[in-house]
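Asker: According to the working numbering, the residues represented by the sequence shown are 26 to 292, in order.
Beta carbons are placed, not taken as given, at the ideal position from N, Cα and C, and that holds for glycine.
Since the structure is predicted, the reported quantities are computational estimates derived from the model, not experimental observations.
Mind looking over this structure? Questions follow.
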Amino acid sequence: MQKIVIPIIAFLLFLTSCTKEIDLELKSSEPQLVFEGNITNEVGPYTVQIHKTVDFTKSNTLPAVSGAIVTLSDNTGLTEILKETTPGIYQTSILVGVPGRTYHLKVSVEEKIFSATSTMPQPVKLDTIKFDLFTSKGDSGGPEYSTLPVFTDPAHEVNNYRFIQTVNGKLDKTYFTLNDNTFNGLLNEQLLFNPDAEIKQGDTVLFEFRCTDKSAYDYFFTLSQFMTDGPYSTTPTNPPTNLKGDFAFGIFSAHTVQRITAVVPAN
């Protein structure tokens with residue numbers, strides 16, 4: 026073993042003593058369509074956004090896609106063609122989001138047809154949010170906290186959740202997701218960890234609690250595994266999607282929404 030280790034170390038020392046400028050030939054990729062559609066139990070209008078991916082050498086601004094025909098319908102027979110209010114933004118005017126209903130999206134754009142289906146779950150009541158000490162001395166120099174959403178998971182159904190938090194008006198871009206595989210019918214005890222959020226005493230946290238279907242859970246859970254800043258501005262990833270048709274990124278989600286605002290108390 027020693028006869029092998031010594032030359033390796035010498036080789037590594039040689040490498041660290043040399044520098045050379047290397048030009049990498051990074052290939053551009055063909056822009057792909059990106060869909061983001063949401064229907065909630067809140068009062069509309071509801072929005073479907075259509076953009077295109079950008080190359081990793083470009084800015085983070087996604088080009089809007091105009092001129093699409095976007096149709097939303099539900100399982101009661103209500104159908105609506107959305108109006109493009111600004112480039113790439115399509116909105117409803119009459120459709121209503123109701124827990125338990127199934128919604129269908131159809132998009133005709135660039136001579137292609139895409140479709141997706143999502144069922145809005147019944148809402149689960151979010152009782153409050155608590156704050157648990159994450160570290161006594163974080164990057165901010167003092168105590169920092171993680172959030173704990175307090176709710177009881179219903180025992181009679183499969184539930185999937187997504188959490189979005191905003192700290193002092195700044196959106197935390199972490200993808201927080203949870204399903205009830207390990208706590209079905211029980212009080213939630215899963216903390217939301219993100220040291221970069223630097224949640225401190227006196228901070229105001231706006232917390233959004235979403236009950237989603239499994240397709241939305243799978244999509245955002247996959248994103249949570251490898252990024253916090255969005256999947257379409259650098260090297261594109263391929264999270265699972267409920268979109269059918271030609272290849273595209275994105276998700277169509279019918280989900281419930283609850284919000285709570287809380288201030289981190291002093292000890």
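1) Kindly identify the DSSP beta-bridge partner or partners of R284.
2) Please report how far the alpha carbon of V289 lies from the alpha carbon of T96, in whole angstroms.
3) Would you call the segment 240–253 in contact with the segment 271–282, where contact means no fewer than 3 C-beta pairs closer than 8 Å?
4) Measure the C-alpha to C-alpha separation of E109 and L120 and round it to an integer number of angstroms.
5) Please report the distance separating the alpha-carbon of I114 from that of S140.
6) Which residues bound the alpha helix (DSSP H) around L248?
7) Tell me whether D157 sits in a helix, a strand or coil according to DSSP, three-state version.
8) In the DSSP assignment, find the unbroken beta strand (DSSP E) run with Q297 in it and report its ends.
9) Do you know offhand how far T111's Cα is from V90's?
10) With distances taken from CA atoms, which of L203, I224, P179, A180 is nearest G194?
11) Rounded to the nearest angstrom, what separates T172 and I154 at their Cα positions?
12) Helix, strand or coil for L49, going by three-state DSSP, please let me know.
13) Going straight from the alpha carbon of Q185 to that of S249, what length do you get?
Answerer: Reading it off the structure:
1) Its beta-bridge partners are E233.
2) In a straight line, the C-alpha of V289 is about 43 Å away from that of T96.
3) A contact exists between the segment 240–253 and the segment 271–282.
4) Straight-line Cα distance between these residues: approximately 15 Å.
5) So the alpha carbons of these two residues sit roughly 17 Å apart.
6) Start and end: 239–251.
7) The answer is strand: DSSP assigns D157 an E or B state.
8) Missing from the structure shown is residue 297; the chain here goes from 26 to 292 and no further.
9) Cα to Cα, T111 sits roughly 10 Å from V90.
10) Of the candidates L203, I224, P179, A180, I224 places its Cα closest to the Cα of G194.
11) Their Cα atoms are separated by approximately 7 Å.
12) Its pLDDT being 38, under 50, L49 is placed unreliably in this model, and the coordinates cannot settle the point.
13) Looking at the sequence shown, residue 185 is not Gln but Asn. Their Cα atoms are separated by approximately 14 Å.
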